[in-house]
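Here the structure is laid out as structure tokens; the discussion comes afterwards.
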């Protein structure tokens, strides 16, 4: 056995053990709290009446109450309950994304500290990068397709996989990969490595997604902490106001249920006339006046119930925020939120400037993303214990900007996840939590890749040794396998501003037309 292989095998075994420990730690400890929080965030829609409710159980939906004592004896003991298949798959996908993301950063630290051989680092880097790309490109779309197709079925029923179901689940993945192949690879990348080509195309898509999320989060944060951007005065509802609104909503729902019961009774009393299609069309035009008027009442009550439920949820949120703002911790939080909202406004202005100014020939390594991050980095350079050059200030400012963009995304992720479950009409809290977990896995992987691209700009590959060939140079430095960030900078600013503009219009019209205040 050659010396290189003798050193690669044990070192790779150590990294495999580390990868397994990260996977198990995420699945054992991190997901216990995260999955439970996502279950509480998931809003379950009742398909019968269109109202939203929260389930009280941790793992199972309550269907019917037991009527006899014999039904209690048939229940399974608690220790025999198993997680649904979609829950197990979503946990595994998230754990893979988390473990491989952590291992990529560990390999970068090993490169800086000169731990392990360059070939070992390069081999495991390519393995982790390939697994992360496979998770984002294949596993996540496949799981989303399976969850979206099973969201309308009973969670407890097991359906046998058929060829049609398999094709319906796999087809969106092939469509996604086919459309992704049309994204052009930057001309600076002359490598035919499929991993690098897939990474470059995915970075384009990820930059757009992160830009859209950042724009949505920036406007949402500014809207919450700057009342002048929305309504000039925000009234804080009292407990009595919340109780009165809840009682009014209960009355509307009671009337709605009565109308639906009356509709069911009227339809059951009508004789069954099953004749030709002409008779059905003629009877539809002729119609029953009582059923028609009752159907119109139900439609109006459903629209009223939906709007009143939204207003009640918003009123409860503003009431809780008002009580929290009166505490010391709430005042500190509001102060920090106001400062962060100021940064969001400056970030929008900086994106406009970046798109309007002509392309400069200066090195992107000496430029800063925005004024505030540059001032923060410059204030750090004033510390007597730090001696930073101008290039170092630019590097630190880009890292601060990347961290603040991550905070903006985190501030909007709850609304995005809840909107995804509502858009797919998820009727199970476990199913909604699995869906959110898979979306989080993809967003975490995309944000990691964007972070790696930023790190490549901040810490570019060193100059190649003249005695070292190109293949050895690429193998030695891990950053050489990543594309440069300046290719994607304007793409992020464009998607950021597009999302910010659309979010502003939606929030403004929602408050003026639907009278919903966004706290």
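Residue numbers (full-length UniProt numbering): 1 to 519. Backbone N, C-alpha and C fix where the C-beta goes; we use that ideal spot for every residue, glycine too. Remember, it's a predicted structure, so these values are computed and weren't measured experimentally.
### Message
Tell me the rounded alpha-carbon separation between residue 405 and residue 214.
### Response
Counting from 1 along the chain shown, the entry for residue 405 is found at position 405. Counting from 1 along the chain shown, the entry for residue 214 is found at position 214. Their backbone Cα atoms lie some 6 Å apart in a straight line.
#### Entry: Nearest-angstrom Cβ-Cβ length linking residue 308 and residue 252, presumed shorter than 8 Å
Residue mapping note: residue 308 aligns to position 308 of the chain shown, counting from 1. Residue mapping note: residue 252 aligns to position 252 of the chain shown, counting from 1. Between residue 252 and residue 308 the Cβ distance is about 6 Å, and since that is below 8 Å, they are a contact.
### Task
Take the Cβ of residue 166 as the centre, count every other Cβ of all protein chains shown within 10 Å, and call the residue buried at 16 or more, exposed below.
Within the chain shown, numbered from 1, the residue matching residue 166 stands at position 166. So residue 166 ends up on the exposed side.
#### Entry: Coil, strand or helix - residue 477 by DSSP
Your numbering for residue 477 matches position 477 in the chain shown. Three-state result, residue 477: coil.
### Message
Extract the residue ranges of the alpha helix (DSSP H) inside the stretch 277-348, only unbroken runs of 4 or more that lie entirely within it.
### Response
277-286, 289-325
### Task
Return the Cβ separation of residue 223 and residue 507 in integer angstroms, given the expectation that the two are a contact with Cβ distance under 8 Å.
In the chain shown, counting from the first residue as 1, residue 223 sits at position 223. In the chain shown, counting from the first residue as 1, residue 507 sits at position 507. The pair is a contact, with the Cβ atoms about 6 Å apart (cut-off 8 Å).
### Contact between the stretch 99-117 and the stretch 439-448 (3+ Cβ pairs under 8 Å)
yes
### Task
Give me the Cα-Cα distance between residue 34 and residue 408, rounded to the nearest whole angstrom.
Position 34 of the chain shown, counted from the start, is the residue given in the question as residue 34. Position 408 of the chain shown, counted from the start, is the residue given in the question as residue 408. Their backbone Cα atoms lie some 19 Å apart in a straight line.
### Message
For a quick check, are the C-beta atoms of residue 22 and residue 99 less than 7 Å apart?
### Response
Locating residue 22 in the chain shown gives position 22, where the first residue counts as 1. Locating residue 99 in the chain shown gives position 99, where the first residue counts as 1. It is a contact, given that the beta carbons lie within the stated cut-off.
### Message
Assuming contact is defined by CB atoms lying nearer than 7 Å, are residue 15 and residue 124 in contact in what I supplied?
### Response
To locate residue 15, count along the chain shown from 1; it is residue 15. To locate residue 124, count along the chain shown from 1; it is residue 124. One thing to note: residue 15 has its Cβ within 7 Å of the Cβ of residue 124.
### Query
For residue 80, which of helix, strand or coil comes out of DSSP?
Translated into the one-based positions of the chain shown, residue 80 becomes position 80. A caution first: residue 80 carries a pLDDT of 46, below 50, which makes its placement in the model too unreliable to give a value.
### Query
What are the boundary residues of the alpha helix (DSSP H) that residue 522 is part of?
Residue numbering for the chain in the displayed model covers 1 to 519; residue 522 lies beyond these limits and cannot be assessed.
### Query
Where does residue 436 land, buried or exposed, given buried means 16+ other C-beta within 10 angstroms?
On the chain shown, position 436 is the one that residue 436 refers to. Buried: at least 16 other Cβ atoms inside 10 Å.
### Query
Exposed or buried, which one is residue 244 when buried takes at least 16 other CB atoms within 10 Å?
Taking the chain shown and counting its residues from 1, one reaches residue 244 at position 244. With fewer than 16 other Cβ atoms from the protein chains shown falling within 10 Å of its own Cβ, residue 244 counts as exposed.
### Task
Give the straight-line distance between the Cα atoms of residue 439 and residue 97, rounded to the nearest whole angstrom.
What you label residue 439 is simply residue 439 of the chain shown in a count that begins at 1. What you label residue 97 is simply residue 97 of the chain shown in a count that begins at 1. Taking the straight line joining both Cα atoms gives about 11 Å.
### Query
Should the stretch 174-181 be called in touch with the stretch 201-208, which here means at least 3 C-beta pairs below 8 Å?
yes
### Task
Tell me whether residue 384 sits in a helix, a strand or coil according to DSSP, three-state version.
Position 384 of the chain shown, counted from the start, is the residue given in the question as residue 384. Looking at residue 384 - three-state DSSP - the assignment turns out to be coil, as it is neither helix nor strand.
### Query
Taking the C-alpha atoms as reference points, what is the distance between residue 318 and residue 412?
If you number the chain shown from 1, residue 318 lands on position 318. If you number the chain shown from 1, residue 412 lands on position 412. C-alpha separation (whole angstroms): 17 Å.
### Task
Determine the closest residue to residue 91 out of 30, 109, 117, with distance taken between C-alpha atoms.
For the purposes of this step, residue 91 is taken as the residue at position 91 of the chain shown. Checked all of 30, 109, 117; the closest Cα to residue 91 is 30.
### Message
Measuring CB atoms only, is the stretch 140-148 touching the stretch 108-119, in the sense that at least three cross pairs come out at less than 8 Å?
### Response
no
### Task
Quick one: grab the DSSP three-state call for residue 7.
Stepping through the chain shown from its first residue, residue 7 is reached at position 7. Three-state DSSP puts residue 7 in a helix.
### Query
Considering only residues of the same chain and omitting the five flanking positions on each side of residue 18, which have a CB-CB separation below 8 Å?
Locating residue 18 in the chain shown gives position 18, where the first residue counts as 1. Short of 8 Å from the beta carbon of residue 18, and not among the five residues preceding or following it, lie these beta carbons of its own chain, in chain order: 103, 106.
### Query
I think residue 262 touches residue 212, with their Cβ atoms under 8 Å apart; what is that distance to the nearest whole Å?
Taking the chain shown and counting its residues from 1, one reaches residue 262 at position 262. Taking the chain shown and counting its residues from 1, one reaches residue 212 at position 212. Taking a contact as a CB-CB distance under 8 Å, the pair residue 262 and residue 212 does not count as one, their CB atoms being some 46 Å apart.
#### Entry: Contact check, residue 400 vs residue 376, beta carbons under 7 Å
Position 400 of the chain shown, counting from 1, holds the residue named residue 400. Position 376 of the chain shown, counting from 1, holds the residue named residue 376. Taking 7 Å as the Cβ cut-off, residue 400 and residue 376 qualify as a contacting pair.
### Query
The alpha helix (DSSP H) with residue 28 in it runs from where to where?
By one-based count along the chain shown, residue 28 stands at place 28. Premise fails: residue 28 is in no alpha helix (DSSP H) and is neither H nor E.
### Query
Closest by CA to residue 302, which one among 258, 493, 434?
By 1-based counting over the chain shown, the position of residue 302 is 302. Distances from the alpha-carbon of residue 302 to those of 258, 493, 434 put 258 closest.
### Message
Assuming residue 264 is part of the alpha helix (DSSP H), what are its boundary residues?
### Response
Taking the first residue of the chain shown as position 1, residue 264 is located at position 264. It spans 239-269 - the alpha helix (DSSP H) in which residue 264 sits, taken as one unbroken run.
#### Entry: Residues near residue 442 in its chain [Cβ-Cβ closer than 7 Å; skip 5 each side]
The residue labelled residue 442 in the question sits at position 442 within the chain shown. If we look at residue 442 and ignore the five residues flanking it on each side, its Cβ neighbours are 136, 140.
### Message
For residue 177, which residues in the same chain have their Cβ closer than 7 Å to its Cβ, ignoring the five residues on either side in sequence?
### Response
Counted from its first residue, the chain shown places residue 177 at position 177. These residues qualify, in order along the chain: 137.
### Task
Select from 482, 414, 503 the residue whose C-alpha is nearest the C-alpha of residue 185.
On the chain shown, position 185 is the one that residue 185 refers to. Measuring from the Cα of residue 185, the nearest candidate turns out to be 482.
### Task
Just mark residue 10 as buried or exposed, buried being the case when its beta carbon has 16 or more other beta carbons within 10 Å.
On the chain shown, residue 10 is found 10 positions in, with the first residue counted as 1. That one is exposed.
### Message
I need the DSSP call for residue 482, collapsed to helix, strand or coil.
### Response
Numbered from its first residue, the chain shown carries residue 482 at position 482. If DSSP states are grouped into helix, strand and coil, residue 482 belongs with coil.
### Task
Give the DSSP-derived three-state secondary structure of residue 456 in the structure shown.
In the chain shown, residue 456 corresponds to position 456, counting from 1. Residue 456 falls in the helix class under three-state DSSP.
#### Entry: Close beta carbons around residue 130, own chain, < 8 Å, minus the five adjacent residues each side
One-based indexing of the chain shown puts residue 130 at position 130. Once the five neighbours on either side are set aside, the close Cβ partners of residue 130 are 195.
### Simplified DSSP state of residue 181, which is helix, strand or coil
Taking the first residue of the chain shown as position 1, residue 181 is located at position 181. Residue state, collapsed to three classes: coil.
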